[in-house]
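Positions in the sequence shown are counted from 1; adding 6 to them yields our numbering.
Ideal Cβ placement from N, Cα and C applies to all residues, glycine included.
Each remark here refers to the structure printed beneath this line.
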Amino acid sequence: MGNLSGKIAIVTGGASGIGYAIVQRLLNANVKVAVADLNREKLKEMEAAHKGKVIGCVTNVTKEEDIETLVQKTVDAFGGLDYAFNVAGASKAGAIVDQSEEDWDFTVDLCLKGVFLSLKHEAKYMKEHGGGAIVNVASLNAHVPMFYGAAYSSAKAGVEMLTKNAALELAQHNIRVNTILPGLVATPLTSGLTNVEAINDAYMERIPMRRAGNPDEMAGPALFLVSEDASYVNGASLIVDGAWAVSGYPDLSKFM
Numbered sequence: 007m008g009n010l011s012g013k014i015a016i017v018t019g020g021a022s023g024i025g026y027a028i029v030q031r032l033l034n035a036n037v038k039v040a041v042a043d044l045n046r047e048k049l050k051e052m053e054a055a056h057k058g059k060v061i062g063c064v065t066n067v068t069k070e071e072d073i074e075t076l077v078q079k080t081v082d083a084f085g086g087l088d089y090a091f092n093v094a095g096a097s098k099a100g101a102i103v104d105q106s107e108e109d110w111d112f113t114v115d116l117c118l119k120g121v122f123l124s125l126k127h128e129a130k131y132m133k134e135h136g137g138g139a140i141v142n143v144a145s146l147n148a149h150v151p152m153f154y155g156a157a158y159s160s161a162k163a164g165v166e167m168l169t170k171n172a173a174l175e176l177a178q179h180n181i182r183v184n185t186i187l188p189g190l191v192a193t194p195l196t197s198g199l200t201n202v203e204a205i206n207d208a209y210m211e212r213i214p215m216r217r218a219g220n221p222d223e224m225a226g227p228a229l230f231l232v233s234e235d236a237s238y239v240n241g242a243s244l245i246v247d248g249a250w251a252v253s254g255y256p257d258l259s260k261f262m
């Protein structure tokens, strides 16, 4: 995707997993990247490895002042902002009747509010400077519920609708907003499940391709959505799941 060369991007949650893979793809495409994460040491490591091309910003995406600072640092360091990838997310699982309000708020705030705040301030800059493209990372669970994942699934469904609403509002300002919905991806966040043989087998029964995706397989579609090849794609939800959506979600209740 050579048409990305010379552009400037923000990636939240960029120090690990899907976010990290997106950062690597962007760097390979000659894009300068502001990486937002809470992992201070990893951010320093990434800055040192890509001097002049990466800035690391310790960011809590649920804090509006952190997002405002992130956008300003990006502009100050690189002179603008063309793309944004809102990836940061995590979950505290629990059955609906047992889940604490604290765990619900943690999950929904991080996965939905964090995307809202990021999108708000990224788009505010883009609106005043000619436009841009934004990709939000939701999940297959925006469509498919899972045991003990009510907070996560609800938040990711919210991300998908937020994306559609943003596309509707921002198209007039030359800003495209799309989302990818990953299925099972092999990252540190999913290893607690997939490292258990019986649970991993239950997943494989539902994934026609019979394997988890890898983060780079999510990064490719994400970069496509900001590229000129997707210039008429706006408000779309791209499922990247090895055909999982055409099967179903494993019954994890028997493992809990």
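Can you give, in chain order, each stretch of the alpha helix (DSSP H) that sits fully within the stretch 134-193 and has at least 4 residues?
156-176
Within the stretch 50-131, note down every full alpha helix (DSSP H) run reaching 4 residues or more, in order along the chain.
70-84, 107-114
Three-way DSSP call (helix, strand, coil) for I245 in this model:
One-based indexing of the sequence shown puts residue 245 at position 239. Reduced to three states, the DSSP call for I245 is strand.
When you compare each of L258, F230, I14 to H135 by their alpha carbons, which one comes out closest?
Working through the sequence shown from its first residue, we reach residue 135 at position 129. When only C-alpha atoms are compared, the closest one is I14.
Could you tell me if K38 is buried or exposed, where buried requires 16 or more neighbouring beta carbons within 10 angstroms of its beta carbon?
Counting from one through the sequence shown, the residue named residue 38 turns up at place 32. Buried: at least 16 other Cβ atoms inside 10 Å.
Cβ of N36 within 8 angstroms of Cβ of S11?
By one-based count along the sequence shown, residue 36 stands at place 30. By one-based count along the sequence shown, residue 11 stands at place 5. Yes, they are a contact pair.
Closest by CA to N220, which one among N142, T193, K133?
In the sequence shown, counting from the first residue as 1, residue 220 sits at position 214. Comparing Cα-Cα distances from N220 to each of N142, T193, K133, the minimum goes to T193.
Helix, strand or coil: how does DSSP classify T18 here?
As a first step, residue 18 must be located in the sequence shown, where it is residue number 12. Reduced to three states, the DSSP call for T18 is strand.
D104 versus M132 - alpha carbon distance:
The sequence position of residue 104 within the sequence shown is 98, counting from 1. The sequence position of residue 132 within the sequence shown is 126, counting from 1. Those two C-alpha atoms are separated by around 42 angstroms.
The alpha helix (DSSP H) with V232 in it runs from where to where?
For the purposes of this step, residue 232 is identified with residue 226 of the sequence shown, where counting begins at 1. It spans 221-232 - the alpha helix (DSSP H) in which V232 sits, taken as one unbroken run.
Work out the CA separation of A242 and D72 for me, nearest whole Å.
To locate residue 72, count along the sequence shown from 1; it is residue 66. To locate residue 242, count along the sequence shown from 1; it is residue 236. Between D72 and A242, the C-alpha separation is close to 28 angstroms.
Alpha carbon of W110 to alpha carbon of K162, nearest angstrom:
In the sequence shown, residue 110 corresponds to position 104, counting from 1. In the sequence shown, residue 162 corresponds to position 156, counting from 1. Spanning the two alpha carbons is a distance of roughly 13 angstroms.
When the Cα atoms are used, what is the spatial distance from N180 to Y158?
Reading the sequence shown from its first residue, position 174 is the one you call residue 180. Reading the sequence shown from its first residue, position 152 is the one you call residue 158. For N180 and Y158, the distance between alpha carbons rounds to 31 angstroms.
Using the Cα positions of Q178 and G137, report the straight-line distance between them to the nearest angstrom.
For this step, residue 178 is matched to residue 172 along the sequence shown. For this step, residue 137 is matched to residue 131 along the sequence shown. Answer to the nearest angstrom: the Cα atoms are 9 angstroms apart.
L49 to G62, Cα distance in whole Å?
Along the sequence shown, one-based indexing puts residue 49 at 43. Along the sequence shown, one-based indexing puts residue 62 at 56. Straight-line Cα distance between these residues: approximately 5 angstroms.
Segment contact flag, the stretch 206-223 with the stretch 245-255, C-beta cutoff 8 angstroms, min 3 pairs:
yes
Within its chain, find whatever has a CB closer than 7 angstroms to the CB of N147; leave out the 5 residues flanking it on each side and keep chain order.
The count along the sequence shown starts at 1 and reaches residue 147 at position 141. G155, Y158, S159, K162, listed in sequence order.
Please confirm whether T113 and K98 have their CB atoms less than 8 angstroms apart.
Within the sequence shown, residue 113 is the residue found at index 107, counting from 1. Within the sequence shown, residue 98 is the residue found at index 92, counting from 1. Their beta carbons are under 8 angstroms apart, which means T113 touches K98 by this criterion.
May I have the straight-line CA-CA distance separating E53 from V29, to the nearest angstrom?
As a working note, residue 53 is residue 47 in the sequence shown. As a working note, residue 29 is residue 23 in the sequence shown. Computed Cα separation, rounded: 12 angstroms.
Residues that K38 bridges to, as DSSP identifies them:
If you number the sequence shown from 1, residue 38 lands on position 32. I14, per the DSSP bridge assignment.
Sort out for me which residues DSSP pairs D207 with in a bridge.
The residue given as residue 207 occupies position 201 in the sequence shown. D207 pairs with nothing; no bridge assigned.
If you drop the 5 nearest sequence neighbours on each side, which residues of the same chain put their C-beta closer than 6 angstroms to that of K119?
Working through the sequence shown from its first residue, we reach residue 119 at position 113. The residues are T68.
Between L187 and A173, what straight-line distance do the alpha-carbon atoms span, to the nearest angstrom?
Residue 187 sits at position 181 when you count from the first residue of the sequence shown. Residue 173 sits at position 167 when you count from the first residue of the sequence shown. The alpha-carbon atoms of L187 and A173 are separated by roughly 16 angstroms.
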